[in-house]
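Working notes for the structure below.
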Amino acid sequence: MSEKVLMKGNEALAEAAIIAGCRFFFGYPITPQTEVAAYMSKMLPKVGGTFLQAESEISAINMIYGASSAGFRCMTSSSSPGISLKSEGISYLAGSDLPAVICNVQRGSPGLGGIQPSQADYWQATRSAGHGDFHIMVFAPSTVQEMVDLIIRAFDRSDKYRVPAMMFADGMLGQMMEPVVLPEGKDIKTYDKPWATNGHKNKRPHNVTNSLYLDPYLLEKTIRERFARYDIIKEKEQLAEDYMTEDADIVVVAYGASSRVCRSAIVAARAEGIKAGMVRPMTLWPFPERAVRKAAETAKAFLSVEMSMGQMVDDVKLAIDCRRPVYFYGRTGGVVPTPGEVLEQIKAINGGLK
Amino acid sequence: MAIVYRRPKALNELEMHYCPGCNHGIVHRLVAEAIDELDIEGRTIGIAPVGCAVKAYDYFACDMVEAAHGRAPAIATGLKRTMPDSVVFTYQGDGDLAAIGMCETVHAAARGENITVIFINNAIYGMTGGQMAPTTLPNQITQTSPYGRDTKTTGFPIRVCEMLSTLEGVALAQRVAVDSVKNVRIAKKAIKRAFENQINGRGYSIIEILSACPTNWGLSPREALVWLRENMLKYYPLGIYKDKYPEGGESK
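Top line first, the protein sequences correspond to chains P and F.
For the record, in the first sequence the residue sitting at position 201 is 200 according to numbering that gives the first Met the number 0, with numbers rising by one throughout.
For the record, in the second sequence the residue sitting at position 23 is 22 according to numbering that gives the first Met the number 0, with numbers rising by one throughout.
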């Protein structure tokens with residue numbers, strides 16, 4: 000087994016991408032994800048890869064479009080305002096069935112917002128990552144180790160399903176240092192890509208990478224086929240951690256940085272005799288409906304805690320068809336909730352239950 | 000019996016959708032002839048634009064990628080950086096290259112991205128029905144400049160080859176036309192050189208082709224060529240604007 004090393008979230012994510020076989024990185028500077036690009040610019044040339052700083056986020060995502068259409072594992076990274084610029088390209092990637100990994104180290108928004116950690120891009124990532132009928136897979140790490148594990152998974156699943164994948168982190172996870180074990184990468188799987196536009200070498204008919212279908216019936220058929228793949232992803236790729244949910248009356252739902260705060264609050268609530276637990280989504284699309292639904296068998300109420308004005312809370316309600324009360328607590332604009340604030344919420348809900 | 004004229008191998012056997020008198024068909028052929036003569040179809044990837052030439056991805060027999068409007072140079076960069084031994088060309092119109100995609104164009108050129116750019120300048124947006132382009136001439140009437148392009152409010156047309164020729168990364172910037180047999184021959188040679196430059200790792204080459212759009216200019220095919228000669232050639236003089244690797248006596 001590999002040894003434990005101390006790494007910053009952004010750098011661990013970048014190193015794990017290289018382990019996953021990513022050899023091409025195209026990006027544009029933005030706080031708070033700068034270390035990803037800096038690490039890639041230093042390390043990729045040493046492993047025969049290419050780092051290129053693009054002239055804009057729009058160009059960066061289109062460089063990804065080119066590199067992915069050629070069949071190569073590639074990644075771009077940005078933070079909230081930059082992801083908005085990438086959304087055009089993300090839609091084209093989805094419409095052309097191209098795999099790619101896009102990192103969003105979120106910061107406070109809207110507009111230029113701020114540079115402190117946020118989770119306010121949940122709707123954008125899970126609902127409207129660009130124009131049109133499509134989804135991307137969204138992975139939500141909550142530790143530096145999960146930055147590593149989930150990005151390796153993101154590359155694999157993106158290739159497997161030909162669906163773009165987003166690493167959905169935030170400024171806190173990107174900037175924090177934690178011990179991690181980096182895998183050796185021996186079990187990294189590669190996929191045949193007979194669809195790649197990499198030159199037909201006079202051996203096959205020409206391939207075309209394209210998202211244009213002028214015949215509406217053909218476009219509808221293409222989208223329906225893609226959605227059949229989404230159904231498989233929803234069935235097989237939901238990921239969540241159950242934390243003290245077995246006997247929980249109050250189940251907190253939180254991901255990423257805010258889930259770390261909630262973990263402390265739950266421990267404190269338990270110490271006060273309140274049966275609290277947590278479902279922690281590790282994929283946001285597909286949303287771990289099964290885990291939330293299972294928790295609803297015993298839970299009397301849910302509390303969605305987010306660093307936003309309340310976005311994931313909709314998915315919690317949908318997952319359980321509103322069969323239990325679903326409360327929300329959030330801080331936004333780059334403010335991180337404290338365990339004390341969350342504990343107060345848990346206690347208030349518990350008081351109402353009695 | 001000797002065959003004197005045939006469809007280039009690099010063009011698929013399809014009926015093209017272009018209007019009568021449109022120059023896209025000629026330019027497609029010239030690009031395909033260059034690909035055939037250099038025997039590079041198997042390692043060539045073309046990038047089709049948004050606009051009238053969008054279906055170029057069906058017409059060319061090499062692998063093709065359809066780009067978002069204006070993004071072809073960035074996509075070309077992604078392809079070329081992952082596959083340095085491939086041959087990558089973009090095929091773009093004036094709205095695509097000089098308006099929405101100018102940022103991508105300038106930076107690909109500045110980086111000396113080792114690609115070939117085929118740039119159709121017909122001074123108008125064709126596919127969307129004839130709106131003012133960044134290359135529309137002063138006083139030219141279009142759907143969105145119905146009283147003629149007023150340079151006081153809409154500025155002046157952009158001379159792309161002249162502008163890009165100031166960039167170090169550009170190996171070749173040449174403007175040609177396909178309005179006569181003589182000019183078609185010059186265009187053919189220029190396009191082939193733009194591919195040869197790439198094969199030899201010389202950096203960014205752009206061939207701007209002044210092109211007729213009879214449909215949106217509201218002219219017959221013959222009148223359109225006359226209009227092109229009398230108006231476009233004055234604002235957009237033909238010639239080589241940058242040539243880092245000239246063949247004997249050809250550079251300007």
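Heads up, the beta-carbon is just placed ideally off N, CA and C, and yes, glycines get one too.
Under the criterion of beta carbons closer than 8 Å, ILE348 of chain P and ALA294 of chain P do not qualify as touching, at roughly 15 Å.
Counting the other CB atoms within 10 Å of its CB gives GLY129 of chain P a total of 16 or more, which places it among the buried residues. Contacts with chain F (Cβ-Cβ distance below 9 Å) from the region 52 to 82 of chain P involve ALA53, GLU54, SER55, ILE57, SER58, ALA59, ILE60, ASN61, MET62, ILE63, TYR64, GLY65, ALA66, SER67, SER68, ALA69, GLY70, PHE71, CYS73, listed in chain order.
TYR121 of chain P has its alpha-carbon roughly 11 Å from the corresponding atom of MET165 of chain P. Taking C-beta atoms as the reference points, THR196 of chain P and VAL64 of chain F count as a pair closer than 7 Å. Listed in chain order, the alpha helix (DSSP H) runs fully inside the region 115 to 149 of chain P are 121 to 125, counting runs of at least 4 residues.
The beta carbon of ALA31 of chain F does not come within 7 Å of any beta carbon belonging to chain P, so the residue lies off that interface. Within the same chain, THR104, PHE118 come within 6 Å of LEU96 of chain F by CB-CB distance, once the 5 residues on both sides are set aside.
Taking 7 Å as the cut-off, the Cβ atoms of LEU171 of chain F and ALA193 of chain F count as close.
Those residues of the region 93 to 104 of chain F placed with their C-beta closer than 9 Å to a C-beta in chain P are CYS102, GLU103, ordered along the chain.
Interface criterion met: the Cβ of THR196 of chain P is under 7 Å from a Cβ in chain F. Of all C-beta pairs linking the region 333 to 346 of chain P to the region 257 to 268 of chain P, three or more are shorter than 8 Å, placing the two stretches in contact. Only residues of its own chain outside the window of five on either side were considered, and among them ALA36, ALA59, THR75, SER76 have a CB closer than 6 Å to the CB of GLY26 of chain P, listed in chain order. At a beta-carbon threshold of 7 Å, none of the residues of chain F lie near SER157 of chain P; the nearest stands roughly 16 Å away.
VAL334 of chain P places its beta carbon 7 Å or farther from that of VAL251 of chain P. Going by C-alpha positions, ALA19 of chain P is about 10 Å away from GLU183 of chain P. Distance check between GLN310 of chain P and each of P:SER95, P:TYR254, P:ARG161 places P:TYR254 closest, using alpha-carbon atoms only. Of the residues P:SER67, P:GLY113, P:VAL104, the one whose Cα lies closest to the Cα of TYR91 of chain P is P:SER67.
In the pairwise beta carbon analysis, the region 118 to 138 of chain F is classified as touching the region 230 to 248 of chain F: at least three pairs are separated by under 8 Å. Here the C-alpha atom of GLY351 of chain P lies approximately 31 Å from the C-alpha atom of ALA139 of chain P.
With 16 or more other Cβ atoms inside 10 Å of its own Cβ, ARG70 of chain F counts as buried. Of all alpha-carbon atoms in P:PRO324, P:LEU317, P:GLU236, the one lying nearest the alpha-carbon of MET136 of chain P is that of P:GLU236. Closer than 7 Å to the CB of GLY111 of chain F there is not a single CB belonging to chain P.
Taking 4 residues as the shortest admissible run, the region 237 to 286 of chain P contains the following complete alpha helix (DSSP H) segments, listed from N- to C-terminal end: 255 to 270.
The beta carbon of GLY50 of chain F does not come within 7 Å of any beta carbon belonging to chain P, so the residue lies off that interface. Nearest CB-CB separation between LEU78 of chain F and chain P: below the 7 Å threshold. Listed along chain P, the residues sitting closer than 7 Å to THR81 of chain F by beta-carbon distance are PHE23, ALA66, ALA69, PHE71. Rounded to the nearest angstrom, the gap between the Cα atoms of ALA223 of chain F and ASN215 of chain F is 10 Å. Only residues of its own chain outside the window of five on either side were considered, and among them ILE232, LYS233, GLU236, GLN237 have a CB closer than 7 Å to the CB of PRO285 of chain P, listed in chain order. Look at the region 85 to 98 of chain P: the residues with a C-beta under 8 Å from a C-beta of chain F are GLU87, GLY88, TYR91, SER95.
Looking at the backbone, the Cα of ASP242 of chain F and that of GLN105 of chain P are separated by about 46 Å.
A Cβ-Cβ distance of about 5 Å is found for the pair MET62 of chain P and THR76 of chain F, placing them in contact under the 8 Å criterion. If you draw a straight line from the Cα of GLU288 of chain P to the Cα of ASP241 of chain P, it comes to about 12 Å. Annotated three-state conformation of LEU136 of chain F is coil, per DSSP. Ranked by Cα distance from VAL207 of chain P, the options P:PHE24, P:LEU97, P:ASN9 are led by P:LEU97. The Cβ of LYS200 of chain P sits closer than 7 Å to at least one Cβ of chain F.
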